[in-house]
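Number of protein chains: 4
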Amino acid sequence: MSQILTSSQVVAHMANGQEMSVPIYQIKGSANGPKVYIQANMHGAEVQGNAVIYQLLEQLKQLDCYGDITLVPLANPIGTNQKSGEFTLGRFDPITGTNWNRGYHFNPSLPAEFAAQYPDLEQGEIVARFRQLIISDLDARLSNPYGLNTAQHLCANLQRMAFEADIVLDLHTGPISSRHLYCPEYAKERAVLFDIPHTMFIPSDFDGALDEAAFCPWWQLQLAYQAQGREIDVAIDAFTLELGSQEWLCLEEAKKDCHSVLSYLSHQKVIEPGLFSPSKMTRYACYLNDYRALYAPKSGLVEYLVPFGEEVKAGQPLARILRMDRYGHDDAVELVYAPADCIPILHFASASVNQGTELYKVFTNYFTL
Amino acid sequence: MSQILTSSQVVAHMANGQEMSVPIYQIKGSANGPKVYIQANMHGAEVQGNAVIYQLLEQLKQLDCYGDITLVPLANPIGTNQKSGEFTLGRFDPITGTNWNRGYHFNPSLPAEFAAQYPDLEQGEIVARFRQLIISDLDARLSNPYGLNTAQHLCANLQRMAFEADIVLDLHTGPISSRHLYCPEYAKERAVLFDIPHTMFIPSDFDGALDEAAFCPWWQLQLAYQAQGREIDVAIDAFTLELGSQEWLCLEEAKKDCHSVLSYLSHQKVIEPGLFSPSKMTRYACYLNDYRALYAPKSGLVEYLVPFGEEVKAGQPLARILRMDRYGHDDAVELVYAPADCIPILHFASASVNQGTELYKVFTNYFTL
Amino acid sequence: MSQILTSSQVVAHMANGQEMSVPIYQIKGSANGPKVYIQANMHGAEVQGNAVIYQLLEQLKQLDCYGDITLVPLANPIGTNQKSGEFTLGRFDPITGTNWNRGYHFNPSLPAEFAAQYPDLEQGEIVARFRQLIISDLDARLSNPYGLNTAQHLCANLQRMAFEADIVLDLHTGPISSRHLYCPEYAKERAVLFDIPHTMFIPSDFDGALDEAAFCPWWQLQLAYQAQGREIDVAIDAFTLELGSQEWLCLEEAKKDCHSVLSYLSHQKVIEPGLFSPSKMTRYACYLNDYRALYAPKSGLVEYLVPFGEEVKAGQPLARILRMDRYGHDDAVELVYAPADCIPILHFASASVNQGTELYKVFTNYFTL
Amino acid sequence: MSQILTSSQVVAHMANGQEMSVPIYQIKGSANGPKVYIQANMHGAEVQGNAVIYQLLEQLKQLDCYGDITLVPLANPIGTNQKSGEFTLGRFDPITGTNWNRGYHFNPSLPAEFAAQYPDLEQGEIVARFRQLIISDLDARLSNPYGLNTAQHLCANLQRMAFEADIVLDLHTGPISSRHLYCPEYAKERAVLFDIPHTMFIPSDFDGALDEAAFCPWWQLQLAYQAQGREIDVAIDAFTLELGSQEWLCLEEAKKDCHSVLSYLSHQKVIEPGLFSPSKMTRYACYLNDYRALYAPKSGLVEYLVPFGEEVKAGQPLARILRMDRYGHDDAVELVYAPADCIPILHFASASVNQGTELYKVFTNYFTL
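Protein chains in written order, with the numbering used here: chain G, 1 to 369; chain P, 1 to 369; chain W, 1 to 369; chain X, 1 to 369.
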């Protein structure tokens, strides 16, 4: 019952002159519900979010949407098209090595300046004016006489759309991975609205990603008012959803993640409350500091031994490393052990590693929600 | 009961001066059985053959080997170490694009010259002298004053070892793939000795691969004598075994392929006949001309729909292509259909394709063995 | 005085759905002069040909063109946009390693079939009908139910335009390189019309490049008629011009190559004869078999010692290889010597090489034109 | 007259098991002069520093060296060997995109802790004990149970050697570049000792590079004592020397940079004072904040117009961008202008750029030394 408007936006210009654009699907809200921005595939190999946007569109067109919803699949045309051998080398700019998801903008001086200037503004006005401020700041950046780099151009175009929204969902995947969620600490209660078994709670720091770029200005605005002795709400919800493994597409599996997103949107009154509700499941969480990378202690061929989501005790094996140059010696086959009690969340995509390759990422000091 | 001798061979020299070598494991035959050469991992991402060599060594050391056996895992140190993003870009020389498995040598003039020179030599002498000839020819190539390219250097070092053998097995994998076998037509009867459900019968042409480099001189020698009115046997057996998918290692699964190789070696009297025998299974085969690549008719995100080894009728769907720039149009989700009755053997490793990317390789006009 | 018509042609479809196209500039001939097809930048890093097309357009628009002229710069949008670090990795399909300039089509059975079918057709009719035949054959290929690969798609679209022409010029560059020309042996006399000091005479074999794809059908048609005892002309002229080094653009230098092309076109009566004429210079040539690659005999850091175009005697040094892992030993600094009297034409683009990297390409057994 | 000791150090382990090592050349000082650490080629394509080390060794072996000197050419065996097409993709880890020269370690809490603990220690003792502390801290890092990533492993091995020295020189090059110097602000007076026309003065921040990793602990120690009201010297000198362009080797040109380094070492009494002295030349400098990247405002083919080192006025052209898809329009050929008075120091290595590619880096607000 919602109409879907189709448009596109140029986000990059290639050496041969070709403009690269992203498709944009928009639903006009029927009421004054929260505005939503959802994008997918910022990293070129992480395609499953596109299938989730497909299923969301299939559902949303049959629903009454109270707030405006903007959906941007295929958000990174350079990354998606960057092949190297049979896989997609879409995680970083091939020229510079810069992670595409680190090109967003945050001006750390704005929150304190704003709070100092408008100590007594009421919340609704704060939201309207501060949003205008960060949008102007982003626009000003685009007119820098020295220009912006390619990732910054791309990100600025996407961030411009995200800044209009109250809810920002960035759909990613891991390399070979379970579903997991990056959730800002202030939004803890809403982590259980998604059908995602693993959640990291992240702090208010800015490291360049879209979720941070969306919530940092508002979170730090809250902190700035707090420092002035006033409590205001963080006006924006922003999450990164990691929907399993890269280089993999499944429309059927995407229905589950679609349901998961709709449960959250239903709770947030973007669509009718109660229409979708989260599944019953054990949800594990840890703080970002406790989300640890385990680097390969030696090089070789790797057999990954532990299914995702399984609780592993310290000292239990996570992987086996085969060194066929060492057959006949004790180190031809060796195990890599968990350095702490943990839950493996993702592992490296290849069966061969250098010393120091990120072998696993694991939850430690985890707890249930 | 067999002793394993360990050595290594330098096969490449890198820009920084580093010599790159391959490990060599050798068993001295207890009797006058056929000599065997087995290598793995010529393409950098195809690691599972190393696990099979591991399991073979574990078995062979407990057996009585009648003939000399040479096993070379990690056969391509440049390819194995060539990473690009999270995957191994080991299929071709990153400088030239040359497929590493196309650098072997075949001198097409030798068979006819030899047959003309020695029309009446008895088979044993033919084998001894012709082997000497092709080895000398290979050695001569290495002293070319203009040098050889990097792939040719690497291949010449490996081929030198393979030329000493009566049986050559080159262990590969597909991208995402079922087990399949490249079998020269003259060795048809022996395809069933492997526990491999899909076999291609290949002709006597030379296209640069190790199996061809091993059997072409001998097969074309047979044809040369045939042209002179004399029948001799092809002295060499050479196969390429494709052991499933790349970027994947499993020591347990490798035991199956180890058993498969041992069944063949047992039949060929390299080890005790009857000690291992092939599993009962339906084995499909087709001729190389009927092993067809299906190229993506359009670009987009791909969901591969058919399990390997399943017989598919012409007109049935093989893949679904999602085009999220086309949502709302008929071509947003389209199926790719089998152009003929076929069995899918392998498919592309990534979930996104350009137009013209090799989507599937399939058996057509196949039959059972 | 000639009008330039602008259009474009889609030649590739990328994973994100983006269509990639080439720009096409066309001049309608004022008379019945030969038709010309000129393209540039088939290899992504070889950009200087675009500047030459720019200068040609600047000149041609002021001239009277007797025949239709089609100019296609930026002929390979995938290759041009394929970056890897600070350079353009545009020589081969990054997925397969296939050289982009090997995807053109030649059906070797057509010439003999045609000559057999039309033994007595007059030359004008031969040209018209045979051109129609090879165009139909190319079109039929595009409807192959198994599809074509990405390079073949791209090449077929370009070849379709080239097949309409009587003169085909493919503008390339070497890595670090002097100007040189690939000239079919039958067109020897016309090599001197270009201001290019080095010419290779190439035989009638087909190896996948555009110049070959353009002249092979016609040359082999000549040979087929010859085998039937009749002499006909080769109807098509096709050359590959190598315009210096890759990753380098200079509009001023492009004027020289523009003049060079105009001299040829003037001689061929595409524009007014005598309007442009070749410069006086010593022109060296050799046969393709004598155009030799010299591979690095050892790995290390390379100082290239010989200016292009200089005659080098056998035994004179071409390069110095520094091995800083060997300081203090005799092989820390070693020279690489010319294995024969030669003229260096191009050398590798990087100052570090593996053993077997193509160090130089040189003319041997050369002569002056 | 100095003896050169040769050794090597393993710094990386590759997927195939191969250990990769760096060569180490050491001279034992004849007196108690400053200890020196010089490395080259941390970025794979930046090879000229190896030639400078070659020339330094040739000189130093004839001189009396008062302090120990350690020279490490080919410092990054992974980067040096990472080819992608005809160039060396050695700037970042191909798996992660991490700049190799950002993996060094600095523990920001050590200086303040040390100064608090030893407020009154005399300078000689401070140097000895603080050096011991940062070395222990680095060693502790290597025993992290979660391991280190590949860049950190490599860097830790090099940094371990650098931490023993009083003078650290890291030899790099730009892409296509003039000679320039990164000089910490506290060492301003010594910038003129090198024959390098362009110097950036850098602040005490740590961004992961070797020069910073060498001087930051000591500089911040100075600041920590300063905060306690005491002045101590910065014990360490550390510079990054950019020696021209990458992918280029010239032993003759390296003699100039060798002389430049010897002038500095002579002044610092590593070798006999006055033995070498800096050349007379105009030396320009700016602060790091004024060293600006100019990003391509549009994509296309680039002709770089300004020779390095030339003073350019705001509004003068720096580059020309050719857009052959736009021939006939005003934007087919456009100039890129200097946004401020500046001196171009380096430009991008390729003649084609995306929008946002770093086109030039320039000095602004520069002054002469």
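For glycine and all other residues, C-beta sits at the position ideal for the given N, C-alpha and C. In this text the structure is predicted, and so the values were computed from the model without any measurement.
Check: Below-9 Å beta-carbon distance, T98 (chain G) vs any chain W residue; Outcome: no
Check: Opening and closing residue of the beta strand (DSSP E) in which I321 (chain W) lies; Outcome: P317 to L322
Check: Candidates W:G244, W:S204, W:I126 and W:K256: closest to A238 (chain W) by CA position; Outcome: W:S204
Check: Whole alpha helix (DSSP H) elements within the segment 33-109 of chain P, 4-residue minimum; Outcome: 48-60 and 77-81
Check: For Y66 (chain G), the nearest candidate out of G:I321, G:I126 and G:H267 (CA to CA); Outcome: G:H267
Check: V168 (chain G) in three-state terms, based on DSSP; Outcome: strand
Check: Closer than 9 Å to chain W by CB, Y295 (chain P); Outcome: yes
Check: For I4 (chain X): DSSP bridge partner residues; Outcome: X:I27
Check: Exposed unless 16 or more other CB atoms sit within 10 angstroms - verdict on S8 (chain W); Outcome: exposed
Check: L148 (chain P) in three-state terms, based on DSSP; Outcome: coil
Check: Listed by chain order, chain X residues near E361 (chain P) by CB distance under 7 Å; Outcome: It should be pointed out that residue 361 (chain P) corresponds to Lys in this sequence rather than to Glu. Within 7 Å Cβ-Cβ: nothing; K361 (chain P) doesn't reach chain X, min ~27 Å.
Check: Beta bridge counterpart(s) of S177 (chain P) as assigned by DSSP; Outcome: P:L346
Check: Chain W contacts from the segment 136-159 of chain P (Cβ-Cβ distance under 9 Å); Outcome: N144, P145, Y146, G147, L148, N149, T150, A151, Q152, H153 and L154
Check: Cβ-based burial, M1 (chain P) [other Cβ within 10 Å; buried from 16]; Outcome: exposed
Check: Proximity below 9 Å, CB of I345 (chain P) to CB of S178 (chain P); Outcome: yes
Check: Closest residue to Y337 (chain X) among X:R190, X:Y295, X:G300 and X:D170 (Cα-Cα distance); Outcome: X:Y295
Check: Contact list for the segment 74-104 of chain P against chain X, Cβ threshold 7 Å; Outcome: L74, P77, T80, N81, K83, S84, G85, E86, P94 and I95
Check: Residue-level contact to chain X via CB, E272 (chain W), 9 Å cutoff; Outcome: no
Check: The segment 29-50 of chain P: positions lying closer than 7 Å to chain X by Cβ; Outcome: none
Check: Minimum Cβ-Cβ distance from E58 (chain X) to chain G less than 9 Å; Outcome: no
Check: Continuous beta strand (DSSP E) stretch holding A285 (chain X): start and end; Outcome: Y284 to Y287
Check: Amino acids of chain G, ordered along the chain, whose beta-carbon sits closer than 7 Å to that of F348 (chain P); Outcome: E86
Check: Interface flag, R283 (chain X) vs chain G, CB-CB below 9 Å; Outcome: no
Check: Cα-Cα separation between G44 (chain W) and V353 (chain X), rounded to whole angstroms; Outcome: 12 Å
Check: Within chain P, partners of M14 (chain X) - CB distance below 7 Å; Outcome: N81
Check: Cβ-based burial, Y86 (chain P) [other Cβ within 10 Å; buried from 16]; Outcome: The question names Tyr, but residue 86 (chain P) is Glu in the sequence shown. So E86 (chain P) counts as buried.
Check: Below-9 Å beta-carbon distance, E303 (chain X) vs any chain W residue; Outcome: yes
Check: Minimum Cβ-Cβ distance from G17 (chain X) to chain P less than 9 Å; Outcome: yes
Check: Backbone CA spacing between L322 (chain W) and E252 (chain X) [nearest angstrom]; Outcome: 13 Å
Check: Cβ neighbours of L210 (chain X) in the same chain (closer than 6 Å, five flanking residues each side left out); Outcome: Y104 and D170
Check: Close Cβ partners of Y287 (chain P) (< 6 Å) along its chain, the five nearest in sequence each way excluded; Outcome: F201
Check: Cβ-Cβ distance between P339 (chain X) and P145 (chain G) below 9 Å; Outcome: yes
Check: Same chain, Cβ closer than 8 Å to N32 (chain P), five either side skipped, listed in chain order; Outcome: Y66 and G67
Check: Interface flag, L322 (chain G) vs chain P, CB-CB below 9 Å; Outcome: yes
Check: Minimum Cβ-Cβ distance from G115 (chain G) to chain X less than 9 Å; Outcome: It is Ala, not Gly, that sits at residue 115 (chain G) in the sequence shown. With 9 Å as the cut-off, A115 (chain G) does not count as an interface residue toward chain X.
Check: Residue from X:A187, X:T240 and X:T88 with nearest C-alpha to W248 (chain X); Outcome: X:T88
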